[in-house]
Every structure is written in C-alpha cells, then in structure tokens.
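Here the sequence shown is numbered in the numbering used here, starting from 359 and rising by one per residue.
A virtual CB, placed ideally from N, CA and C, is assigned to each residue, including glycine.
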Amino acid sequence: MIAHSRLNAASSIRYDGLRSIDADLRPMGLFGLVESREVEVNKRKLESYRNLLEGRLAVLIDASTDTVESMAGERPPQHADPTDRASMETDRSFILRMRDRDRKLINKIEDALKRIEEGSFGTCIECGEIISEKRLKARPVTTLCIDCKEEAEIIESKQAG
Ligand SMILES: [Zn+2]
C-alpha cells in the first residue's frame, strides 16, 4: 500500500515534471527565436565596440612607444645651460604625466575588452543594470550606468570638499 502510493507519487511527479518541461518548451521556442535575433544584434554591437576599443588601444600603445623612444633620446646633455635643462625637465614631467594618463586609459580599454570577452560588457558593475547605448557610445570604457556614475561623483565631490 505504502509502496504503491509512493510509486504513484513518483510517477505523478515525473508526469508533472514532463508536463512542465513541455509547457516551458513552447514559449521558450518562441522567445528563443526573438532572443537569437537580439543576440545577433548584440554580437554585432559588441563587435563594433571591440573594433573601436582595439583601435584606440593601438593608437595609445603607439603613442606611448613613441614617448618612451623620444624620452630616451632627449636626455638633457651635460653642457646644456640650466634654463634649457629646467625646461627639458618640465617637458619630461609633462610627458610622464601624459604617459600616466595613457597608461590608465590603456588599462581601462583592456578591462573593457575583457568584459566583452566575458559577456559582462555594457552592464553596470554597481547595480547590474544595462548601461545605455548612448553612454556606451560616448564612453565605451565605462563600467557604471549614468545613475551610479552620478552617485559616485556626488560621493567624490563630498569627499573632496
Ligand atoms: Zn548602475
């Protein structure tokens, strides 16, 4: 009797299981079709962001290689008078600051490319919302949606002030 009801319970669970899978399959088929088209569009968009980012990265790496080369060739000569040497030092620190900014940007671009690979590109790292396309186009290296960015800026300005 117990065994029999267990069997019944098991078979009804199995039946319900199959039913729910079957019931799920139909809408999934429909959404699946829509989804795959969206995935296609997203893939193309991601590809264009990837091209954009890789292009910027190449330019930055080229520029920083040039800077390193020109810095190596521009060491102040011993006989230069102090004024010349001072202005060369100023140039050097300017170049170093530029390089620092470039390096940060290079890191950001590499992060963005990694996020494209991982599939998390375009999602806010704070709240998990989709970052608007308008914002991504203007700033493809961003990791925050506009709301979280604004919030971060408010916090930053409070800390600064
Ligand atoms: Zn956010």
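Straight-line measurement puts the Cα of A416 at about 20 Å from the Cα of F479.
Taking all protein chains in view, the Cβ of L454 is surrounded by fewer than 16 other Cβ atoms within 10 Å, so the residue is classified as exposed. A straight-line Cα-Cα distance of about 16 Å links V499 and E487. Contact between the region 402 to 421 and the region 457 to 468 is present: 3 or more CB-CB pairs across the two stretches fall below 8 Å. When the Cα atoms are used, E405 and R457 turn out to be separated by approximately 28 Å. For ligand 1, no non-hydrogen atom lies closer than 7 Å to the CB of L415.
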